[in-house]
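In the working numbering, the protein residues as written are 1 to 263.
Heads up, the beta-carbon is just placed ideally off N, CA and C, and yes, glycines get one too.
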């Protein structure tokens, strides 16, 4: 069996009476580009927050790179990169100052940090405004800076929460090139996105969470086979697979005919 980069066992997170993540068992092999999908409010961001140490689980366990998060969290955090839902950038710094700060926090020497900062800013097409503060960046520019900060230390596992949200086609192309390069070099990427066409193009394996529960997990071929066994025939896109599985779990698609006054 291939080495696992991420493994969860009965991972659960409650907020009072609400069970946001309900006893999920994830297995992500090293080197996989893994898509983590679900409707709004399904538990995707909560799961990523737990896997990156931003939120403690109520119960269950997590391993990243074979290390138990409960006892080796600092060792894990040194080896992962994260682009969280809210990005959390320091907006009163320039892009170069921010990347320099992040690189030094990860223990890179000054020369390496400066070299990687210059290369990343150039690749992300952020080098032409060296004195601009992060606060003055557009949303897409901030996304690119957040990804640059997440990879500056060459993480072994990269967690991305909606990295393509609000990003134009040119920026998205640059991000996809960078992520593909990381996969080629052996990194593992754990991605959430509502843009299913991008997930289908990039990811080799997918898991679907719905109402806090893991309802599907496997390669795209395995998910297609599972849906076909349930009665759907013919080649299916990831969007069709997703809608079939989530619909099977009791979520009806909205009917626009109910809004008769729009006709």
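- For residue 206, there is no enclosing alpha helix (DSSP H); the enclosing beta strand (DSSP E) covers residues 205-210.
- Measuring C-alpha to C-alpha distances from residue 63 to each of 143, 30, 226, 125 identifies 30 as the nearest.
- Close CB contacts of residue 87 within its chain, under the 8 Å cut and outside five residues either way in sequence, are with 142, 143, 146 (chain order).
- 97 is the residue among 155, 97, 153, 150 whose C-alpha sits nearest the C-alpha of residue 130.
- Per DSSP, the unbroken beta strand (DSSP E) holding residue 158 starts and ends at 157-161.
- Taken through DSSP and simplified to helix, strand or coil, residue 236 comes out as coil.
- Distance between residue 58 and residue 11, taken at the CA atoms: about 8 Å.
- Excluding its 5 nearest sequence neighbours in each direction, residue 214 has C-beta neighbours in its own chain below 8 Å: 24, 25, 26, 207, 208, listed in chain order.
- Counting the other CB atoms within 10 Å of its CB gives residue 262 a total below 16, which places it among the exposed residues.
- Under DSSP, residue 35 forms a beta bridge with 191, 206.
- Just so you know, the alpha carbons of residue 52 and residue 134 end up roughly 24 Å apart.
- Shown here, residue 51 sits in a helix according to DSSP, grouped into three states.
- Secondary structure note for residue 63: its beta strand (DSSP E) is the uninterrupted segment 59-64.
- For residue 6, the uninterrupted beta strand (DSSP E) run begins and ends at 4-15, by DSSP.
- Taking a cut-off of 8 Å on C-beta distances, the stretch 237-247 does not touch the stretch 64-76, as fewer than three cross pairs fall below it.
- Residue burial is scored here from C-beta neighbours: residue 16 has fewer than 16 other C-beta atoms within 10 angstroms and is therefore classed as exposed.
- For residue 136 and residue 195, the gap between their C-alpha atoms comes out near 27 Å.
- In this structure, the alpha-carbon of residue 240 lies about 9 Å from that of residue 227.
- Between residue 9 and residue 61, the C-beta spacing is below 8 Å.
- In the assembly as shown, residue 163 is a buried residue. Its beta-carbon has 16 or more other beta-carbons within 10 Å.
- Counting every other CB atom within 10 Å of its CB across the protein chains shown gives residue 177 a total below 16, marking it as exposed.
- Residues 27, 28, 29, 30, 63, 66 of the same chain have their beta carbon placed closer than 8 Å to that of residue 4, with the five preceding and five following residues left out of the count.
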